[in-house]
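>
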Amino acid sequence: MLKPDRKYYESLSEKTNFQKDILEKVFRLADLLRTIYDTEFLTDKLVIKGGTAINFIYFNMPRLSVDIDFNFVSGERREDMLKSRENIDKILTKIFTMNGYEIEKIKRYALLQYNLKYTNNAGNIDRIKVEINFMERVPVFEIAEKKISIFDIPEFKVRTYRLEELFATKLRALLTRTAPRDMFDIYILLKSGFKFDERALKKCFIFYFCLAQDFRKVDPESIGRIDSLEIKKFLLPLMEKGKRIDMDEISKKVNEFVSRMLVLNENEKKFIESYYEQKNADLDLLFEDMRYNPQLKEHPMIEWRLEKM
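Taking the numbering used here, the leading residue of the sequence shown gets 44, the next gets one more, and so forth.
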């Protein structure tokens with residue numbers, strides 16, 4: 044592990060205008076990510092998602108991200124997945140221990156979570172969260188290989204989702220947990236001028252939301268319940284010091300986008316009806332002429348969700 048001293052982070056803070064303790068956390072996070080993707084077995088199984096993928100890969104860090112979220116992506120059946128899970132846990136535990144982290148582990152069937160405790164350069168206790176989801180293991184589209192170049196860490200490759208799929212899950216997160224950082228990430232996509240397929244994003248969003256909750260009960264007004272205290276506590280520390288954000292503009296742009304995502308065509312309406320009324324996930328109906336992963340029809344979360352209805 045690379046171990047910059049306090050002066051390094053103070054200098055980096057002056058250059059970037061981000062808080063030095065958050066910069067140290069991000070540096071540690073990126074260095075861990077590099078080590079993970081230097082391990083062949085992990086590279087083949089783990090796909091990075093969420094804010095870290097968005098801000099490290101697709102955009103030039105408009106905000107910092109302070110945890111690592113992976114999906115285990117593989118066509119493996121349950122028995123093989125459980126064996127892989129054991130190996131992943133062993134390898135990650137070794138990596139985290141060798142890098143001096145105190146590990147608190149949370150194990151559930153669908154999830155492995157590591158809370159990594161360390162003492163930062165200011166002498167304070169801090170934590171990095173690394174989480175792996177084992178249920179969403181079949182992607183909609185082909186996994187992409189991307190490069191990350193951050194701070195003074197040598198460039199390295201990671202595996203992540205196509206932009207549309209990444210933001211589909213980000214939109215789902217916004218409408219299920221209403222966190223300020225989710226709204227900001229979507230706003231950055233819309234503001235960036237980055238070309239993306241809005242139709243593909245919408246269909247991915249419908250699919251992923253149906254895996255998690257009842258799409259018929261989507262509440263777009265939940266976004267309006269994000270208040271200034273949440274923004275001050277959970278978003279501003281991840282941004283440049285003194286950075287001003289126009290929440291009215293952000294809310295307006297994101298709400299307009301969400302409204303478009305919730306206007307369904309006839310086939311999308313039929314998919315929703317069939318999914319909830321007949322317990323039938325007709326993915327050809329949802330994706331229409333769009334090419335998607337044929338293994339999606341065997342997605343373990345579809346079977347689980349339909350059984351729970």
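C-beta: ideal position from N, C-alpha, C; glycine also.
None of the values given here were measured: they were computed from a predicted structure.
(1) Please classify K50: does DSSP put it in a helix, a strand, or coil?
(2) Cutting at 6 Å between CB atoms, please list the residues of its own chain near V62, excluding the five before and the five after it.
(3) Grab the span of the alpha helix (DSSP H) containing E145 for me, first residue to last.
(4) Starting from the N-terminal side, write out each stretch of the beta strand (DSSP E) that is 3 residues or longer and does not extend beyond the segment 79-140.
(5) Quick one, which of E331, F199, D169 and I315 has its alpha-carbon nearest D110's?
(6) Would you kindly work out how many angstroms separate the C-alpha atoms of L307 and F248, rounded to a whole number?
(7) Just to confirm, is the Cβ distance from V181 to N336 under 8 Å?
(8) Quick one: Cα of F177 to Cα of K50, how far?
(9) Any idea which residues DSSP pairs Q156 with across the strands?
(10) Any contact between the segment 225-233 and the segment 183-193? By contact I mean 3 or more CB pairs, one from each, below 8 Å.
(11) In the DSSP assignment, what are the bridge partners of K190?
(12) Can you have a look at G93 and say buried or exposed, based on whether 16 or more other CB atoms are within 10 angstroms of its CB?
(13) What residues match up with Y161 in a beta bridge as DSSP calls it?
(14) I need the boundaries of the alpha helix (DSSP H) containing L232, first residue and last residue.
(15) Compute the distance between the beta-carbons of I315 and F258, then report whether it is under 8 Å.
(16) Please list, in chain order, all residues of the same chain as E341 whose beta carbon is under 8 Å from its beta carbon, the five residues on each side excluded.
(17) Around the Cβ of D74, are there at least 16 other Cβ atoms within 10 angstroms (buried) or fewer (exposed)?
(18) Jot down the residue ranges of each uninterrupted alpha helix (DSSP H) in the segment 277-339, minimum 4 residues, whole runs only, in chain order.
(19) What three-state label does DSSP hand M352 in the structure shown?
(20) Roughly how many angstroms lie between the CA atoms of I131 and T59, to the nearest whole one?
(21) With DSSP run on the structure shown, which of helix, strand or coil describes D16?
(22) Spatial neighbours of T221 within its chain, please: C-beta separation below 8 Å, excluding the five flanking residues on both sides.
(23) Mind checking which residues open and close the alpha helix (DSSP H) that includes F250?
(24) Confirm, please, whether the CB-CB distance from Y80 to K172 is below 8 Å.
(25) Quick check: what's the CA-CA separation for E53 versus L76?
(26) For K213, report the span of its alpha helix (DSSP H) as first-last.
(27) Whole angstroms are fine: how far does the CA of F184 sit from the CA of T140?
(28) When you compare each of M304, G118, F113 and I293 to E207 by their alpha carbons, which one comes out closest?
(29) Helix, strand or coil, according to DSSP, for R259 in the structure here?
According to the structure shown:
(1) Sequence index remark: in the sequence shown, residue 50 carries index 7 (1-based). Note: K50 maps to helix in three-state DSSP.
(2) Start at 1 with the first residue of the sequence shown, and residue 62 comes out as number 19. The identity of residue 62 in the sequence shown is Gln, whereas the question assumes Val. Within the same chain, Q62 has no close Cβ partners at all.
(3) Here the question's residue 145 lines up with position 102 in the sequence shown. Premise fails: E145 lies in the beta strand (DSSP E), E145 to R151, not in any alpha helix (DSSP H).
(4) 89-92 and 110-115
(5) One-based indexing of the sequence shown puts residue 110 at position 67. Considering only alpha carbons, the answer is D169.
(6) Position 264 of the sequence shown holds residue 307. Position 205 of the sequence shown holds residue 248. Computed Cα separation, rounded: 12 Å.
(7) Your numbering for residue 181 matches position 138 in the sequence shown. Your numbering for residue 336 matches position 293 in the sequence shown. Yes, Cβ-Cβ distance for V181 and N336 is below 8 Å.
(8) Here residue 177 corresponds to residue number 134 of the sequence shown, with the count starting at 1. Here residue 50 corresponds to residue number 7 of the sequence shown, with the count starting at 1. Distance between the alpha carbons of F177 and K50: 40 Å.
(9) Here residue 156 is taken as the residue at index 113 of the sequence shown, counted from 1. Beta-bridge pairing links Q156 to I149 and E174.
(10) no
(11) Residue mapping note: residue 190 aligns to position 147 of the sequence shown, counting from 1. According to DSSP, which records beta bridges pairwise, K190 is partnered with K200.
(12) Numbered from 1 along the sequence shown, position 50 holds the residue referred to as residue 93. Under this definition G93 is a buried residue.
(13) Stepping through the sequence shown from its first residue, residue 161 is reached at position 118. Paired residue(s): D169.
(14) Taking the sequence shown and counting its residues from 1, the one referred to as residue 232 is at position 189. It spans P223 to S235 - the alpha helix (DSSP H) in which L232 sits, taken as one unbroken run.
(15) On the sequence shown, residue 315 is found 272 positions in, with the first residue counted as 1. On the sequence shown, residue 258 is found 215 positions in, with the first residue counted as 1. Cβ atoms of I315 and F258: closer than 8 Å.
(16) Counted from its first residue, the sequence shown places residue 341 at position 298. Contacts found: V181.
(17) Counted from its first residue, the sequence shown places residue 74 at position 31. By the neighbour-count rule (16 or more Cβ atoms within 10 Å), D74 is buried.
(18) 290-304, 309-320 and 326-330
(19) Position 309 of the sequence shown, counted from the first residue, corresponds to residue 352. Note: M352 maps to coil in three-state DSSP.
(20) The sequence position of residue 131 within the sequence shown is 88, counting from 1. The sequence position of residue 59 within the sequence shown is 16, counting from 1. Approximately 35 Å, taken between the alpha carbons.
(21) One cannot answer for residue 16 here, as it falls past the ends of the chain, which runs 44 to 352.
(22) As a working note, residue 221 is residue 178 in the sequence shown. The answer, listed in chain order, is S265, I266, R268 and I269.
(23) Residue numbering aside, residue 250 sits at position 207 when the sequence shown is read from its first letter. Per DSSP, F250 belongs to the alpha helix (DSSP H) from E241 to A255.
(24) The residue labelled residue 172 in the question sits at position 129 within the sequence shown. The residue labelled residue 80 in the question sits at position 37 within the sequence shown. In this structure, Y80 does not lie closer than 8 Å to K172 by Cβ.
(25) In the sequence shown, counting from the first residue as 1, residue 53 sits at position 10. In the sequence shown, counting from the first residue as 1, residue 76 sits at position 33. Those two C-alpha atoms are separated by around 23 Å.
(26) Taking the first residue of the sequence shown as position 1, residue 213 is located at position 170. Taken as a continuous stretch (DSSP letters only), the alpha helix (DSSP H) holding K213 covers L206 to R220.
(27) Walking along the sequence shown from the start, residue 140 turns up at place 97. Walking along the sequence shown from the start, residue 184 turns up at place 141. Those two C-alpha atoms are separated by around 35 Å.
(28) As a first step, residue 207 must be located in the sequence shown, where it is residue number 164. Of the listed residues, the one whose Cα sits closest to E207 is M304.
(29) As a first step, residue 259 is located in the sequence shown; it is residue number 216 there, counting from the start. Three-state result, R259: helix.
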